[in-house]
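Chemist: In the numbering used here, the protein residues as written are 956 to 1268.
Below is a structure I'd like to ask you about.
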């Protein structure tokens, strides 16, 4: 699918494919071969392939050639099942146009298109559109970090509440999912920082866009420590939950151990009375049976009282 946008009264507006030569921004989502041929025929622009999008080497993600200046960058998304992921977007600036190629719909692009209906452009050049998209991406990542903080706060209340241990399995699963999300946010921040730094070094941007790029870098640098603290919080809660589970398991094992010790002496007494020898005075003793029961009871109570005095129970 091809979406073309041009400038009208310093605002980005969607234009028809027939006016694509007047476009400032060409946005392609999962383009088919016919879409690629259309862009090549009308604008003379070759587009990145799926294999090139998956390449993670710096030389394949940030470079300049006869086809323009190319930047490939991760964008964060959540699928229908709320699983986090990063999808690569290929940016190409060539002949006064910005080309973006992506393999899925992304929240940052939806938000930017919605804002562009009311937002007035400054210079209206392709670099401004590119950096505006990066600004929206950084805002999205900041919101994601805040959401993770809120969810960790809720999980913290559950884990610190010792009476809610039946929910620990769900809490640990949620912690693992949040750690995975935080890791993808971190990867996206690092990749964005590299991409914008490359633009500052290599792109021949106007002064306003150069300052805009530096502002984006400062925003990213301010988010990195917050993202790092998420991992510390997740690790702390994971260790706390695991420790509480181990303590509860140790308590259960201690109870079984005490019960075993309490019943061991009565078992010894019962074993002695269970022997069937010819010469056993207790066999013909009138009070032998109640005496054996009393002896077994005393043998079981004595260890219990001893443990209580030692404060082992």
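Even glycine gets a Cβ: it sits at the ideal position worked out from N, Cα and C.
1) Step through the CB atoms of chain B and report whether any lies within less than 9 Å of the CB of residue 1211.
2) Can you check the stretch 974-1044 for any beta strand (DSSP E) of at least 3 residues that lies completely inside it and give the ranges in chain order?
3) List the endpoints of the continuous beta strand (DSSP E) containing residue 1052.
4) Thinking residue 1213 and residue 1262 are a contact (beta carbons under 8 Å), I'd like their distance in whole angstroms, please.
5) DSSP beta-bridge partners for residue 969?
6) Alpha carbon to alpha carbon, how far is residue 1043 from residue 1097?
7) Inspect the CB distances between the stretch 1194-1203 and the stretch 1158-1177 and report whether three or more fall short of 8 Å.
8) Under the three-state reduction of DSSP, which class applies to residue 1075: helix, strand or coil?
9) Run the CB neighbour count on residue 1211, radius 10 Å, all protein chains shown included, and call it buried at 16 or more, exposed below.
10) Give the single residue among 973, 1221 and 1082 whose Cα lies nearest to the Cα of residue 1255.
11) If contacts are defined as beta-carbon pairs under 8 Å, then residue 1075 and residue 1167 qualify, I think. What distance do you get, rounded to the angstrom?
12) How would you label residue 1065, buried or exposed, when you count the other beta carbons within 10 angstroms and need 16 or more for buried?
13) Nearest to residue 1006 by CA position, among 1058, 1102 and 1144, is which residue?
14) Less than 7 Å between C-beta atoms, sequence neighbours within five positions excluded: which residues of the same chain meet that for residue 1091?
15) Cβ atoms of residue 998 and residue 1046: under 9 Å apart, would you say?
16) Is the separation between the beta-carbon of residue 1019 and that of residue 1027 shorter than 9 Å?
17) Does the structure place the stretch 1126-1133 close enough to the stretch 1153-1160 that three or more beta carbon pairs sit under 8 Å?
18) For residue 1046, does the three-state DSSP call read helix, strand or coil?
19) Please determine if the stretch 1102-1109 and the stretch 1176-1189 are in contact, where contact requires at least 3 C-beta pairs separated by less than 8 Å.
20) Run through DSSP, which three-state label would residue 1161 get?
21) Could you give the first and the last residue of the continuous alpha helix (DSSP H) run that contains residue 1087?
Modeler: So, from the data block:
1) The structure shown has no chain B; it contains just one protein chain.
2) Correct list: 980-984, 1017-1020 and 1023-1033.
3) In the DSSP annotation of this structure, the continuous segment of the beta strand (DSSP E) that includes residue 1052 starts and ends at 1052-1057.
4) 6 Å between Cβ atoms; contact.
5) Per DSSP, the beta-bridge partners of residue 969 are 960.
6) Distance between the alpha carbons of residue 1043 and residue 1097: 19 Å.
7) These segments do not touch.
8) DSSP places residue 1075 in coil when its eight states are reduced to three.
9) With fewer than 16 other Cβ atoms within 10 Å, it is exposed.
10) The shortest C-alpha separation from residue 1255 is found at 1221.
11) That pair is no contact at about 15 Å.
12) By the neighbour-count rule (16 or more Cβ atoms within 10 Å), residue 1065 is not buried but exposed.
13) Taking residue 1006 as reference, the option from 1058, 1102 and 1144 with the minimal CA-CA separation is 1058.
14) Counting only Cβ-Cβ distances below 7 Å, and skipping sequence neighbours, we find 1063, 1066 and 1067.
15) For residue 1046 and residue 998, no; Cβs fall outside 9 Å.
16) One thing to note: residue 1019 has its Cβ no nearer than 9 Å to the Cβ of residue 1027.
17) Verdict: no, contact absent.
18) Note: residue 1046 maps to strand in three-state DSSP.
19) Yes: the two stretches touch, three or more of their Cβ pairs being nearer than 8 Å.
20) Looking at residue 1161 - three-state DSSP - the assignment turns out to be coil, as it is neither helix nor strand.
21) Residue 1087: member of the alpha helix (DSSP H) spanning 1081-1115, first to last residue.
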